[in-house]
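Colleague: What follows is a structure written as structure tokens; I'll ask about it next.
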Amino acid sequence: MKFEIPSKYNALTLREIFQSLHLPKKDLHNLNMSKEITLNGEAATLMTKVQTGDIAYIPTPEEKSNYVPSYRFAQIYFEDDDIAIVMKPKGVKTHPNDLKESNTLMNHVIYTIKSDYVEPIHRLDQETVGLLIVAKNPLMKKILDRMLEENEINRIYKANVHSLLPIKPQTIDKPIGKDKFHSNRRRVSPTGQRAITHILSSKMVKEGVL
Numbered sequence: 001m002k003f004e005i006p007s008k009y010n011a012l013t014l015r016e017i018f019q020s021l022h023l024p025k026k027d028l029h030n031l032n033m034s035k036e037i038t039l040n041g042e043a044a045t046l047m048t049k050v051q052t053g054d055i056a057y058i059p060t061p062e063e064k065s066n067y068v069p070s071y072r073f074a075q076i077y078f079e080d081d082d083i084a085i086v087m088k089p090k091g092v093k094t095h096p097n098d099l100k101e102s103n104t105l106m107n108h109v110i111y112t113i114k115s116d117y118v119e120p121i122h123r124l125d126q127e128t129v130g131l132l133i134v135a136k137n138p139l140m141k142k143i144l145d146r147m148l149e150e151n152e153i154n155r156i157y158k159a160n161v162h163s164l165l166p167i168k169p170q171t172i173d174k175p176i177g178k179d180k181f182h183s184n185r186r187r188v189s190p191t192g193q194r195a196i197t198h199i200l201s202s203k204m205v206k207e208g209v210l
């Protein structure tokens with residue numbers, strides 16, 4: 001994993017940077033023991049201080065995803081060495097429920113990107129259309145997973161609601177868990193994970209409220 005040091009990390013050590021990105025201690029230890037960290041092409045350690053514009057290289061574990069290539073192309077909106085932003089079409093599942101499935105978005109992604117490792121950071125329901133973040137190495141997945149947990153990644157949805165009246169801007173702060181009656185659904189549950197939804201605005205359209 002290679003990246004340029006932005007100004008906000010100037011004069012920090014690589015350890016401090018990765019700690020701020022929520023990388024687990026075990027991974028920090030493995031990085032230090034690898035002896036493969038470089039800064040501007042020179043050998044470095046996690047205690048090396050960086051400057052704005054430096055180029056850091058961090059080795060990533062060699063892991064492979066188990067998705068079967070679908071031989072169908074995914075629509076890629078952005079891609080670099082570490083992440084991809086892909087469009088999930090309506091009617092397509094985000095990922096397979098068993099290894100034999102081959103017609104989900106992740107099956108299309110692993111065929112299109114030609115990478116051994118591709119894993120979604122979040123998911124979208126089968127009937128939902130939208131952009132999905134995909135990690136291309138295990139370290140980036142851990143960083144993005146933690147960012148999602150810490151609400152450092154925001155997701156914005158548009159939805160048509162069948163209603164005769166406009167819906168006022170509001171915030172819904174209720175935990176969401178699995179629906180015991182429908183395995184592929186989630187619902188408000190006292191034992192679920194905290195979920196905050198901000199309804200920003202709405203307007204009346206022919207089908208209801210947008």
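The sequence shown begins at 1 in the UniProt record's numbering and counts up one residue at a time. For glycine and all other residues, C-beta sits at the position ideal for the given N, C-alpha and C.
1) On a Cα-Cα basis, can you pick out the residue from PRO89, ASN151, VAL92, ALA84 that is closest to PRO120?
2) Report the residue from LEU21, SER7, ASN97 whose alpha carbon sits nearest the alpha carbon of ILE143.
3) From what residue to what residue does the alpha helix (DSSP H) around VAL68 run?
4) Contact between the segment 71-81 and the segment 22-33: three or more CB pairs below 8 angstroms?
5) Can you tell me where the beta strand (DSSP E) holding GLU79 begins and where it ends?
6) Is LYS136 buried or exposed, if buried means 16 or more other CB atoms sit within 10 Å of its CB?
7) Can you round the beta-carbon distance between LEU118 and LEU105 to whole angstroms, since I take them to be within the 8 angstroms contact cut?
8) Is the beta carbon of ILE133 closer than 8 angstroms to that of HIS122?
9) Against chain B, does ILE199 count as a neighbour if the rule is that its beta carbon must be under 8 angstroms from one of theirs?
10) What are the partner residues of TYR57, as DSSP defines its beta bridges?
11) Nearest by alpha-carbon distance to PRO138: which of MET87, LYS64, HIS95 is it?
12) Just curious, the alpha helix (DSSP H) that VAL109 is in, first and last residue?
13) Tell me whether the segment 33-50 and the segment 66-77 touch, counting them as touching only if at least three CB pairs, one residue from each stretch, are closer than 8 angstroms.
14) Residues bridged to ALA84 by DSSP?
15) Does DSSP classify LYS178 as helix, strand or coil?
16) Suppose contacts are defined by Cβ-Cβ distances below 8 angstroms. Is VAL161 in contact with ILE176 by that definition?
17) Residues bridged to ASP173 by DSSP?
18) Who are the near neighbours of HIS198 in its chain, counting only those whose CB is closer than 6 angstroms to its CB and skipping five residues on each side?
19) Since ILE17 is in the alpha helix (DSSP H), which residue starts that stretch and which ends it?
Modeller: Walking through what the data contain:
1) Answer by Cα proximity: ALA84.
2) Residue LEU21 is the option with its Cα nearest to ILE143.
3) No alpha helix (DSSP H) holds VAL68; DSSP gives it neither H nor E.
4) The answer is no - the segment 22-33 does not touch the segment 71-81, with fewer than three Cβ pairs under 8 angstroms.
5) 75-79 is the extent of the beta strand (DSSP E) around GLU79.
6) Classification for LYS136: buried.
7) Correcting the residue type first, residue 118 is Val in the shown sequence and not Leu. The Cβ separation is near 10 angstroms, so there is no contact.
8) With contacts defined by Cβ atoms closer than 8 angstroms, HIS122 and ILE133 form a contacting pair.
9) Of the protein chains in this structure there is only one, and it is not chain B.
10) Per DSSP, the beta-bridge partners of TYR57 are LYS2, THR38.
11) Checked all of MET87, LYS64, HIS95; the closest Cα to PRO138 is LYS64.
12) It spans 105-113 - the alpha helix (DSSP H) in which VAL109 sits, taken as one unbroken run.
13) Touching, no.
14) Per DSSP, GLU79, VAL134.
15) If DSSP states are grouped into helix, strand and coil, LYS178 belongs with the strands.
16) Not in contact: VAL161 and ILE176 (Cβ atoms no closer than 8 angstroms).
17) Beta-bridge pairing by DSSP links ASP173 to ILE196.
18) Excluding residues up to 5 positions away in sequence, THR171 lie with their Cβ nearer than 6 angstroms to the Cβ of HIS198 in the same chain.
19) ILE17 -> alpha helix (DSSP H) spans 14-20.
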